[in-house]
Amino acid sequence: MTKDNQFLGDMYPACRRIVQAETWRAIVDELPQDFDLDTFPAFLAPRLSEYNLPPYLHDLADIEVRLYHLTVRQEPVNFHPDSLCVNPTLSLIKVGWQGLPSLIQQQGETQIEPKDGDEFILFWREPREGKPVVQAATPDELLALKIVVENLDKRELARHENTTQAALDRAIEYATARGVLLAPLSLITRDRSLFTADREIPDKFLTAKVFTLQCHITQVCDLRCKHCYDRSNRSTLRLEDAVIVFDQLYDFCQSRHVYGQVSLSGGNPLLHPQFLDIYRAAVERGFMTAILGNPTTSEILAEIIDIQKPEFFQVSLEGMQQHNDYIRGTGFFDRVMRFLEDLKAAEIFSMVMLTLTRDNMAQVLPLAELLRGKVDIFTFNRLSTVGEGAQLLTPGKKEYEAFLHAYLEAKEQNPAMGLKDSLINIIRCREGTELFGGCAGFGCGAAFNFVALLPDGEVHACRKFNSPIGNIHEQNLTEIYDSAKAASYRKGPSACRGCQIRHVCGGCLAVIDSQGLDITSDCDPCCFMERA
Numbered sequence: 014m015t016k017d018n019q020f021l022g023d024m025y026p027a028c029r030r031i032v033q034a035e036t037w038r039a040i041v042d043e044l045p046q047d048f049d050l051d052t053f054p055a056f057l058a059p060r061l062s063e064y065n066l067p068p069y070l071h072d073l074a075d076i077e078v079r080l081y082h083l084t085v086r087q088e089p090v091n092f093h094p095d096s097l098c099v100n101p102t103l104s105l106i107k108v109g110w111q112g113l114p115s116l117i118q119q120q121g122e123t124q125i126e127p128k129d130g131d132e133f134i135l136f137w138r139e140p141r142e143g144k145p146v147v148q149a150a151t152p153d154e155l156l157a158l159k160i161v162v163e164n165l166d167k168r169e170l171a172r173h174e175n176t177t178q179a180a181l182d183r184a185i186e187y188a189t190a191r192g193v194l195l196a197p198l199s200l201i202t203r204d205r206s207l208f209t210a211d212r213e214i215p216d217k218f219l220t221a222k223v224f225t226l227q228c229h230i231t232q233v234c235d236l237r238c239k240h241c242y243d244r245s246n247r248s249t250l251r252l253e254d255a256v257i258v259f260d261q262l263y264d265f266c267q268s269r270h271v272y273g274q275v276s277l278s279g280g281n282p283l284l285h286p287q288f289l290d291i292y293r294a295a296v297e298r299g300f301m302t303a304i305l306g307n308p309t310t311s312e313i314l315a316e317i318i319d320i321q322k323p324e325f326f327q328v329s330l331e332g333m334q335q336h337n338d339y340i341r342g343t344g345f346f347d348r349v350m351r352f353l354e355d356l357k358a359a360e361i362f363s364m365v366m367l368t369l370t371r372d373n374m375a376q377v378l379p380l381a382e383l384l385r386g387k388v389d390i391f392t393f394n395r396l397s398t399v400g401e402g403a404q405l406l407t408p409g410k411k412e413y414e415a416f417l418h419a420y421l422e423a424k425e426q427n428p429a430m431g432l433k434d435s436l437i438n439i440i441r442c443r444e445g446t447e448l449f450g451g452c453a454g455f456g457c458g459a460a461f462n463f464v465a466l467l468p469d470g471e472v473h474a475c476r477k478f479n480s481p482i483g484n485i486h487e488q489n490l491t492e493i494y495d496s497a498k499a500a501s502y503r504k505g506p507s508a509c510r511g512c513q514i515r516h517v518c519g520g521c522l523a524v525i526d527s528q529g530l531d532i533t534s535d536c537d538p539c540c541f542m543e544r545a
């Protein structure tokens with residue numbers, strides 16, 4: 014590009030705005046006829062004193078010429094590369110002044126004066142819209158770039174720098190959200206052969222962005238619930254084994270390009286003698302955390318929050334007070350109601366889960382009304398008649414369908430009522446209402462976007478029924494997930510193949526199994542979907 018007064022002003026508009034008109038004309042007149050406008054910053058540097066120009070002007074010009082070329086270039090950006098990488102449009106320079114990008118972005122007459130001091134400036138095009146971005150690099154962005162460019166081992170770096178993997182991952186997540194880094198798509202995806210080929214299925218129902226390890230760390234419990242799935246005598250999960258499996262989960266999530274979540278459960282996980290240590294180990298590896306347990310004290314809640322506020326704390330109720338205390342023990346209803354107040358005071362997202370049986374079905378809506386304003390989400394799972402639950406009864410198909418209609422009608426007026434059971438999608442499909450993700454966001458998520466770890470190391474596709482897929486003392490988590498056993502649970506029943514809502518349903522494998530049916534072939538006994 015050669016000398017052109019107008020074009021020079023277009024390439025360097027902030028410089029043109031700052032320099033007085035007479036001075037700008039004098040500078041332009043001094044430029045050779047065949048002057049390369051890209052070299053204008055170098056031309057300015059030795060003339061700052063001569064023209065009484067701001068000392069930062071040549072650095073500002075250097076930023077502007079780079080931004081100009083970033084704006085006019087239109088090469089496509091692969092938003093989803095095969096591995097985490099630097100945005101190919103990104104460039105970085107070091108300048109001697111702080112605050113220069115604000116001079117380019119500012120509007121109006123007020124001018125913010127830059128401060129003397131080194132600063133790194135990043136330039137890139139935002140992948141989604143192609144918008145050019147220029148900004149001072151944050152410490153997190155520089156750290157993330159260093160990790161990716163130098164291919165550093167985050168586990169080793171965390172130890173060497175006296176930080177945590179969580180802190181390093183947060184830096185990478187921030188840089189990725191800004192578009193400085195580009196991340197690959199999740200590899201936790203559904204097998205499309207499970208669904209009808211003539212139906213367009215939204216990607217949100219096929220690809221998981223989060224993988225959850227439901228970690229049952231102890232069988233010890235302060236209750237003797239009449240529907241308990243498992244009272245077997247299993248050893249308590251040792252802290253050192255929890256650390257090993259969390260490291261395996263971290264590697265698994267990194268390789269599959271998903272976020273990890275650890276949901277601590279039991280028994281009552283809070284009764285594990287090293288609960289806080291296990292919780293901290295999960296947090297240090299950057300996992301989201303959740304607790305599925307019984308009410309605890311506000312002091313213990315404060316200790317948990319000091320480590321990391323959980324995504325949610327789930328407790329259980331089985332109906333109104335009399336029925337609940339018959340199932341879970343005298344006084345438990347009142348304990349939960351008081352604890353919900355503690356969760357609200359601590360600003361922790363609260364969930365109440367009910368195990369649905371024939372005996373408590375009529376109490377669900379009154380309980381939901383009682384919980385209005387006291388809980389963030391109230392929902393239910395159908396009983397799996399295993400363990401102690403074998404003595405209880407489940408609802409029949411017709412009465413369950415009627416219950417779901419009543420539940421959905423009540424939900425329209427009660428924001429606390431959540432959606433979980435996948436069979437609700439049958440009604441939404443009939444009514445032309447938008448489908449929701451079902452039990453786990455993808456219909457049945459057993460061995461797909463979650464697995465359950467038992468205290469003795471057994472890994473199950475789902476905790477609600479006997480569904481072993483491996484053992485962490487014999488295999489690592491990746492081997493277990495990739496095993497043929499795990500894959501068989503992901504396929505679900507063959508009877509569901511071809512169903513128009515299969516991607517958000519597949520029934521409940523635990524219910525199918527507990528009714529003596531075959532989870533590989535038989536559909537959910539409560540399914541009321543019309544079949545061709």
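Take the position in the sequence shown, starting the count at 1, then add 13; the result is the number in this note's numbering. Using N, Cα and C, we set each Cβ at its ideal position, and we do this for glycine too.
Since V296 and A179 are thought to touch, with beta carbons under 8 Å apart, how far apart are those beta carbons, to the nearest angstrom?
Translated into positions along the sequence shown, residue 296 becomes position 283. Translated into positions along the sequence shown, residue 179 becomes position 166. About 6 Å; that satisfies the 8 Å criterion.
Can you tell which of I185, F541, I525 has its C-alpha closest to the C-alpha of D98?
Here the question's residue 98 lines up with position 85 in the sequence shown. According to the sequence shown, residue 98 is Cys rather than Asp. If we check each option's Cα against that of C98, I185 comes out closest.
Extent of the continuous beta strand (DSSP E) to which H229 belongs
Residue mapping note: residue 229 aligns to position 216 of the sequence shown, counting from 1. Its beta strand (DSSP E) spans residues 223-229.
With respect to the alpha helix (DSSP H) encompassing N337, which residues constitute its N-terminal and C-terminal limits?
Indexing the sequence shown from 1 puts residue 337 at position 324. Its alpha helix (DSSP H) spans residues 334-341.
From F224, I318, D260, pick the residue whose C-alpha is nearest to that of S276; which is it?
As a working mapping, residue 276 is identified with position 263 in the sequence shown. It is F224.
Residues near I214 in its chain [Cβ-Cβ closer than 7 Å; skip 5 each side]
Translated into positions along the sequence shown, residue 214 becomes position 201. The answer, listed in chain order, is F208, H516.
Euclidean distance between Cα positions of N438 and L116:
The count along the sequence shown starts at 1 and reaches residue 438 at position 425. The count along the sequence shown starts at 1 and reaches residue 116 at position 103. If you take the alpha carbons of N438 and L116, they lie about 54 Å apart.
For L198, I'd like the list of residues in its chain whose CB is within less than 8 Å of its CB, leaving aside the five on either flank, ordered along the chain.
Numbered from its first residue, the sequence shown carries residue 198 at position 185. Around L198: H93, T220, H270.
Whole runs of the alpha helix (DSSP H) within the stretch 344-408, excluding any shorter than 4 residues:
345-358, 377-384
S278 - containing alpha helix (DSSP H), residue span
Here residue 278 refers to the residue found at position 265 of the sequence shown. From DSSP, S278 is part of no alpha helix (DSSP H) but of the beta strand (DSSP E) over 272-278.
Between the stretch 375-382 and the stretch 397-414, do at least 3 Cβ pairs fall closer than 8 Å?
no
Based on the DSSP output, what are the partners of V99 in its beta bridges?
Taking the sequence shown and counting its residues from 1, one reaches residue 99 at position 86. DSSP output for V99 lists L194 as bridge partner(s).
Drop a sphere of 10 angstroms on the beta-carbon of D319, count the other beta-carbons inside from all chains shown, and report buried for 16 or more, exposed for fewer.
Residue numbering aside, residue 319 sits at position 306 when the sequence shown is read from its first letter. Classification for D319: exposed.
Is it buried or exposed, A403, if we count other Cβ atoms within 10 angstroms and call 16 or more buried?
Residue mapping note: residue 403 aligns to position 390 of the sequence shown, counting from 1. The residue is exposed, with fewer than 16 neighbouring Cβ atoms inside 10 Å.
Quick one: what does DSSP say S268 is sitting in, helix, strand or coil?
In the sequence shown, the residue the question calls residue 268 occupies position 255. In this structure, S268 counts as helix in the three-state DSSP scheme.
Indicate whether the contact test is met: 3 or more Cβ pairs, each with one atom in the stretch 469-487 and one in the stretch 512-528, closer than 8 Å.
yes
Report yes if the CB atom of N394 is closer than 7 Å to the CB atom of T370, and no otherwise.
Position 381 of the sequence shown holds residue 394. Position 357 of the sequence shown holds residue 370. In this structure, T370 does not lie closer than 7 Å to N394 by Cβ.
In chain order, which continuous runs of the alpha helix (DSSP H) of length 4 or greater are located wholly inside the stretch 291-327?
311-320
Do K498 and F514 count as a contact pair if the criterion is CB distance below 7 Å?
Here residue 514 refers to the residue found at position 501 when the sequence shown is read from its first residue. Here residue 498 refers to the residue found at position 485 when the sequence shown is read from its first residue. The amino acid occupying residue 514 in the given sequence is Ile; Phe does not appear at that position. No, these two residues do not count as a Cβ contact at 7 Å.
May I ask you to report which of helix, strand or coil DSSP gives V233?
For the purposes of this step, residue 233 is taken as residue 220 along the sequence shown, with counting starting at 1. V233: coil per DSSP, three-state reduction.
Using the Cα positions of A381 and P428, report the straight-line distance between them to the nearest angstrom.
The sequence position of residue 381 within the sequence shown is 368, counting from 1. The sequence position of residue 428 within the sequence shown is 415, counting from 1. Rounded to whole angstroms, A381 to P428 spans 10 Å at the Cα level.
Only counting runs of 4 or more residues, tell me where the alpha helix (DSSP H) segments fall wholly within the stretch 422-510, in order along the chain.
437-444, 490-494, 497-504
For I125, count neighbouring Cβ atoms within 10 angstroms of its own Cβ and tell me buried if that reaches 16, exposed if not.
To locate residue 125, count along the sequence shown from 1; it is residue 112. Burial call: exposed.
Restricting to Cα atoms, I'd like to know which of A74, I257, I230, E324 is closest to L289.
In the sequence shown, residue 289 corresponds to position 276, counting from 1. It is I230.
Tell me whether T15 sits in a helix, a strand or coil according to DSSP, three-state version.
The residue given as residue 15 occupies position 2 in the sequence shown. Low per-residue confidence applies at T15: pLDDT is 45, beneath 50, and the placement is therefore not dependable, though the value from the model is reported in the following sentence. Coil.
Could you spell out where the beta strand (DSSP E) holding S104 opens and where it closes?
The residue labelled residue 104 in the question sits at position 91 within the sequence shown. 104-111 is the span of the beta strand (DSSP E), which, as asked, contains S104.
Output needed for V388: all residues of its chain with C-beta closer than 8 Å, excluding positions within five of it in sequence on either side, in chain order.
One-based indexing of the sequence shown puts residue 388 at position 375. L353, S363, M364, V365, A429, listed in sequence order.
R203 versus D495: straight-line alpha-carbon distance, rounded:
Sequence index remark: in the sequence shown, residue 203 carries index 190 (1-based). Sequence index remark: in the sequence shown, residue 495 carries index 482 (1-based). Taking the straight line joining both Cα atoms gives about 13 Å.
For T189, collect the residues of the same chain with a Cβ closer than 6 Å to its Cβ; drop the 5 residues on either side in sequence, then sort them by chain order.
As a position in the sequence shown, residue 189 is number 176, starting the count at 1. Once the five neighbours on either side are set aside, the close Cβ partners of T189 are A196.
Assigned exposure category for Q232 - 16 Cβ within 10 Å defines buried
As a first step, residue 232 is located in the sequence shown; it is residue number 219 there, counting from the start. Classification of Q232: buried, given that the 10 Å Cβ count is 16 or more.
Looking at the unbroken alpha helix (DSSP H) that takes in I160, where does it start and where does it end?
In the sequence shown, residue 160 corresponds to position 147, counting from 1. Note, I160: alpha helix (DSSP H), 152-162.
Starting from the Cα of Q327, find the closest Cα among A315, D338, T302, H336 and give me that residue.
Counting from 1 along the sequence shown, the entry for residue 327 is found at position 314. Among A315, D338, T302, H336, the Cα nearest to that of Q327 belongs to T302.
Going by beta-carbon coordinates alone, are C241 and G143 separated by less than 7 Å?
Numbered from its first residue, the sequence shown carries residue 241 at position 228. Numbered from its first residue, the sequence shown carries residue 143 at position 130. Not a contact, by the Cβ cut-off of 7 Å.
Give the secondary structure of K128 by DSSP, where H, G and I count as helix, E and B as strand, and everything else as coil.
Your numbering for residue 128 matches position 115 in the sequence shown. In the structure shown, K128 sits in a strand (DSSP, three-state: E or B).
heavy atom of the ligand PLP below 6 Å from G192 C-beta:
For the ligand PLP, the structure offers nothing, since it holds no ligand at all.
From what residue to what residue does the beta strand (DSSP E) around A149 run?
Position 136 of the sequence shown, counted from the first residue, corresponds to residue 149. Residues 145-149.
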